[in-house]
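J.:
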Amino acid sequence: TAGGLRSLSTLLQSESCCLEVLRLHNMDITDEKASALADALVGNTSLEKLVINEPTSSSGWSAFSRLLCNTSTISNTHCSNHTLTQIHCHGYGEEVPRSVERYLEMNKYQEHVATTKILMHHPVFNMETFFQWKLKFLPVLLAWFHEAMSVLILEELTDGEGYRLPFGYLVGEFLSECDTSKLESVDHVSQACDVLLTRKLSSVYQFVRAMPLLVVDGYCSQDLTRGSRKRKRILQQSRKMSNGRKRS
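Residue numbers for the sequence shown follow the working numbering, beginning at 8 and rising by one.
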């Protein structure tokens, strides 16, 4: 049952969990059960292979797709499941949808998979959460984009047919599928690199544009604080003078 699958979450989400293969035979995977199983695997860092009956609908597969790459925020994408590399299913179709298979292939390369998933699904990076570190964070930001570019061009993965392809090809292929206006053949790696450069410039622009505002806000805040302290000192001196006159 879905409740039984949810009860596995304590085991599967434990830091001490070392389960690498989970087989669930003779169990119809309804949408509710698929969602329960996917939720139970959130945060799991050991399971590599899952054997189940084929989900009864596309909604069931969507739950596994969301498990492997939660696109709601950059943070959730970074914290998605990057360990599961195989899902074997028994059913009428017995085929894993491409939307899920793509992430399973990527998870075989855990060192770079989080970066790749972020680049695939987040066209805009909101830098506002990092403004608190001011210009100190800018070198970190640039270093991340430099590493991401190296991953797209230099690092390779092996697809389902055994071909070795740059990570950039996978990202560019996904972006082309999302942009239906590009019907002609494109260089997927170049497309991925162009998109990365655009996001880099956008992120740096957001960050630098906000700096003057932060400086002004900081200066005004300090000015108000100094003014408040000065008024407090004047009031204290006035009280002292008034008390002195009363005594005399």
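Even for Gly, the Cβ is constructed at its ideal location relative to N, Cα and C.
From Thr17 to Ser106, what distance separates their C-alpha atoms?
T.: Using only the alpha carbons, I get a separation of about 28 Å.
J.: Less than 8 Å between C-beta atoms, sequence neighbours within five positions excluded: which residues of the same chain meet that for Ile160?
T.: Closer than 8 Å at the Cβ level, and outside the excluded window around Ile160, lie Pro173, Gly175, Val196 and Cys200.
J.: By how many angstroms is the C-alpha of Asp35 removed from the C-alpha of His85?
T.: Near 31 Å, if we compare the C-alpha coordinates of Asp35 and His85.
J.: In angstroms, rounded to a whole number, what distance separates the CA positions of Cys24 and Asn83?
T.: Their Cα atoms are separated by approximately 21 Å.
J.: Beta-carbon within less than 6 Å of Asn250's beta-carbon, same chain only, minus the 5 sequence neighbours each way: which residues are those?
T.: There are no such residues.
J.: Taking only the alpha-carbon atoms, compute the straight-line gap between Thr90 and Thr52 and give it to the nearest angstrom.
T.: Between Thr90 and Thr52, the C-alpha separation is close to 6 Å.
J.: Which residues does DSSP list as the beta-bridge partners of Ile81?
T.: Its beta-bridge partners do not exist; DSSP assigns none.
J.: Tell me whether Asp194 is buried or exposed, calling it buried when 16 or more other Cβ atoms sit within 10 Å of its Cβ.
T.: With fewer than 16 Cβ atoms within 10 Å of its Cβ, Asp194 is classed as exposed.
J.: So what does Lys141 bridge to, in DSSP terms?
T.: DSSP lists no partner for Lys141.
J.: If we call anything under 7 Å between Cβ atoms a contact, is Phe214 one with Met156?
T.: Taking 7 Å as the Cβ cut-off, Phe214 and Met156 do not qualify as a contacting pair.
J.: Thinking just about the alpha-carbon of each residue, which of Ala217, Leu57 and Leu149 is nearest to the one in Gln93?
T.: Residue Leu57 is the option with its Cα nearest to Gln93.
J.: Rounded to the nearest angstrom, what separates Ser188 and Tyr116 at their Cα positions?
T.: Note that Ser188 scores a pLDDT of 48, beneath 50, so its modelled location is shaky; the value from the coordinates is reported in the next line. Those two C-alpha atoms are separated by around 31 Å.
J.: Note down the Cα distance separating Gly11 from Ala43, rounded to an integer number of angstroms.
T.: Straight-line Cα distance between these residues: approximately 9 Å.
J.: Would Pro62 be called buried (16 or more neighbouring beta carbons within 10 Å of its own) or exposed?
T.: That one is buried.
J.: Provide the residue(s) that pair with Leu29 in DSSP beta bridges, ordered along the chain.
T.: According to DSSP, Leu29 bridges with Leu57.
J.: When you compare only the Cα positions, how much space is there between Cys76 and Ile125?
T.: So the two alpha carbons sit approximately 9 Å from each other.
J.: What residues are listed by DSSP as bridge partners for Ile241?
T.: Looking at the DSSP assignment, Ile241 forms no beta bridge with any residue, so it has no partner.
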